[in-house]
Amino acid sequence: MAPEEICKLLKDRLGNAIEDAVLEGGHPYARVAADRWPEVALFLRDDPRLGFNVLRCISTLDLLSDDKLACVYDLYHVPTDRPAELRTQTRLFAVRVTTDRNNSVIPSVAHVWPAADWHEREAFDLMGITFPGHPDLRRILCADDWVGHPLRKDYEFPLEYHGIPATTEFELTNPRH
Amino acid sequence: MNPIAETILESAPDLMLDLDRSVQGDLQTEEMLVNMGPQHPSTHGVLRVVLRTDGEMVLEAIPHIGYLHRCAEKIGENLQPYQYIPYTDRMDYLAGMNNNQAYSVAVERLCGIQVPPRGQAIRVIFAELNRIASHLVSLGTYGLDMGAFTPFLYCFREREMILDLFEAACGARLTYSYLTIGGAHDDLPEGWIDRCREFLDYFEPKIEDYNNLLSFNHIFVKRTSNVGIISLNDAIAWGLTGTCLRASGLRWDLRKVLPYDGYEKYDFDVPIARPGGTAEIPNGVVVGDCWSRYFLRVLEMTQSVRIIRQALDQLPAGDFRAAKCTSLKLPANEVYVEVESARGQLGFLVVGDGSAIPYRVKARGPSFCNLSILTHVCKNVLLADVPAIIGSIDVVMGEVDR
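Chains as they are written, first to last, in my numbering: chain U, 1 to 177; chain V, 1001 to 1402.
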């Protein structure tokens, strides 16, 4: 099923939960309203025509110029009937959910795809998005007492952590993003 | 009852009563928290698992990761793609070639670069050689976890030869940066193809040795079969990929489903786990257990040898790299690409903004996703089974933490 058909199916069924779709480019995706995302996620997983049972990845984006943060959910379908049969194709889809930069909240989908558990913790840790409904939302990669969210574009590199001086190459490399 | 205990009880008949009371009353068996790691030989790197134990039973295992976190994704947002290639090596440091390949494929898709056929074939050869090398480490160290020291030495002996082949091609033995945007960094050196063929001829019969030494070793089978069973539904729900997914019985390989770098041209099988009791699989093995995950890596090495032989036979002449792959301008677009790495599906999301430096690089480490199921699997298992389960998932912490 092509991404266009998937988007049409979603729009027919869920109406204004689907804000719009970006179908050109290397990574077609549908934009979903944050507050209705778990409902859309359940439909994407359970509808027999879609059956997106695997969450491959949750990527976060800092859209600084729009004052937004976004999560990109990459999905595909894995057929589970006749598992011993060799598969040579699948259907892919992606969903983008945006939220405000200052009050970044996206409902958790860890109950839909347990794989989301750690991905959402990573997004919380590195990008500072909170996921209401997540079973155990805490930092995963950075230390528990770390300040700030490193993947935000306006993140300020700490020059000291518990008395450990940070890199002196900061001035030289001058990260631009 | 043994004679010594009998003698003691004869001299002090109240003792039995005391023992009874102490177990029920004074000596309460309490739950205990045990820290496994971060410096523990069987956690395969700096992984800390907090175990809530009741005697020998583990009630809950909570992994704590991040000890190797370097925020590699942030580094990717500050470097041009060809400059970032050496950083991808450091993620999964046992399969550097596969990581180079994954990021390269993503950037090529973003920029519309066509890799010449010879470059693609070189990539396939090195990716498969690295898969064998990575699986050899996995087999050897898994044997170590289970108390078998010898197979480790044999596995590393063969891995050393693969590293020699890599060194001949690119000068590095661990972090290669050899496969790069547009193809490979250099062409194959003179005589390399014959050396590689010699190695394959030497290596293929050795797989039988590993089976005799480790795979079908009675103690090893007892330690790993019917332990840490992951059902297919759980494997899919937790987003497991690679051998961990195929060990749960699904014939799914990205090289077949979404081929990249010309994998569709090669003829190879995708082995999956089968239940025990047949001539090839020992009794007691269940689909989705630790032994299945281990044994699939052995089977995959044979398939990798098949692919490399075909690639060497059909190696096309011509360019090994597309022209002008440094100082690329990345279009304002995005791609998400996954490749089948040694540990599972390694993904890169690359977002361009028209400049030479990506706006966002996101790496999806297969070990990260595979490890996330650990809490679910390590419920009510024996303490001694926890290293068996962690080892069978085959994590590389450099990739989990990035």
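Don't be surprised by glycine CBs; every beta carbon is placed ideally from N, CA and C.
Report yes or no: is there a C-beta of chain U within less than 7 Å of the C-beta of residue i?
i, result
"residue 1124/V", "no"
"residue 1372/V", "yes"
"residue 1395/V", "no"
"residue 1293/V", "no"
"residue 1049/V", "no"
"residue 1022/V", "Only weak support exists for where residue 1022/V lies, its pLDDT of 49 falling under 50; the coordinates are left without a value."
"residue 1381/V", "no"
"residue 1360/V", "yes"
"residue 1329/V", "no"
"residue 1074/V", "yes"
Give the residues of chain U in contact with residue i, contact being defined as C-beta atoms less than 8 Å apart.
i, result
"residue 1237/V", "53, 113, 114 and 115"
"residue 1256/V", "86, 87 and 88"
"residue 1144/V", "In chain order: nothing, as chain U lies at least about 27 Å away."
Quick check on the burial criterion: 16 or more other C-beta atoms within 10 angstroms. Buried or exposed for residue i?
i, result
"residue 1401/V", "buried"
"residue 1236/V", "buried"
"residue 1231/V", "exposed"
"residue 1334/V", "buried"
"residue 1366/V", "buried"
"residue 1351/V", "buried"
"residue 1069/V", "buried"
"residue 1022/V", "Low local confidence applies: a pLDDT of 49 at residue 1022/V is under 50, so the model's placement there is unreliable, with the coordinate-based value given in what follows. Label assigned to residue 1022/V: exposed."
"residue 1131/V", "buried"
"residue 105/U", "exposed"
"residue 143/U", "exposed"
"residue 1281/V", "buried"
"residue 138/U", "exposed"
"residue 1241/V", "buried"
"residue 1208/V", "exposed"
Compute the beta-carbon to beta-carbon distance between residue i and residue j, rounded to the nearest angstrom, for a pair I have assumed lies under 8 Å.
i, j, result
"residue 1291/V", "residue 1221/V", "6 Å"
"residue 28/U", "residue 94/U", "7 Å"
"residue 1169/V", "residue 1188/V", "6 Å"
"residue 113/U", "residue 55/U", "4 Å"
"residue 59/U", "residue 40/U", "With a Cβ gap of about 18 Å, residue 59/U and residue 40/U do not count as contacting."
"residue 1050/V", "residue 1064/V", "7 Å"
"residue 1383/V", "residue 1043/V", "That belief does not hold up - the Cβ atoms of residue 1383/V and residue 1043/V are roughly 14 Å apart, past 8 Å."
"residue 1162/V", "residue 1129/V", "5 Å"
"residue 26/U", "residue 1110/V", "6 Å"
"residue 96/U", "residue 31/U", "5 Å"
"residue 34/U", "residue 99/U", "5 Å"
From what residue to what residue does the beta strand (DSSP E) around residue i run?
i, result
"residue 70/U", "68-76"
"residue 1061/V", "1057-1064"
"residue 126/U", "Counting along the chain, residue 126/U falls outside any beta strand (DSSP E), though it belongs to the alpha helix (DSSP H) covering 116-127."
"residue 63/U", "54-63"
"residue 1364/V", "1360-1364"
"residue 1348/V", "1345-1351"
"residue 1033/V", "1032-1036"
"residue 31/U", "29-32"
"residue 1336/V", "1334-1340"
Counting only beta-carbon separations shorter than 7 Å, does residue i have a partner in chain V?
i, result
"residue 25/U", "yes"
"residue 57/U", "yes"
"residue 46/U", "no"
"residue 83/U", "yes"
"residue 118/U", "yes"
"residue 10/U", "no"
"residue 63/U", "no"
Kindly indicate the opening and closing residues of the alpha helix (DSSP H) around residue i.
i, result
"residue 1388/V", "1385-1393"
"residue 1134/V", "1117-1145"
"residue 100/U", "Run containing residue 100/U: none in the alpha helix (DSSP H); it sits in the beta strand (DSSP E), 92-100."
"residue 1162/V", "1150-1170"
"residue 1223/V", "1218-1224"
"residue 1043/V", "It is not in any alpha helix (DSSP H) - residue 1043/V carries neither H nor E in the DSSP assignment."
Who are the neighbours of residue i on chain U, taking C-beta pairs under 7 Å?
i, result
"residue 1071/V", "150"
"residue 1335/V", "26 and 27"
"residue 1270/V", "86"
"residue 1109/V", "26"
"residue 1368/V", "118"
Residues of chain V with CB under 8 Å from residue i, in chain order?
i, result
"residue 140/U", "1065 and 1066"
"residue 80/U", "1232, 1233, 1236 and 1250"
"residue 94/U", "1336"
Run through chain V and tell me which residues come within less than 9 Å of residue i, C-beta to C-beta.
i, result
"residue 74/U", "1336, 1338, 1347, 1349 and 1364"
Under 9 Å Cβ-Cβ, which residues of chain A neighbour residue i?
i, result
"residue 1401/V", "Absent here is chain A; the protein component of the structure consists of chains U and V."
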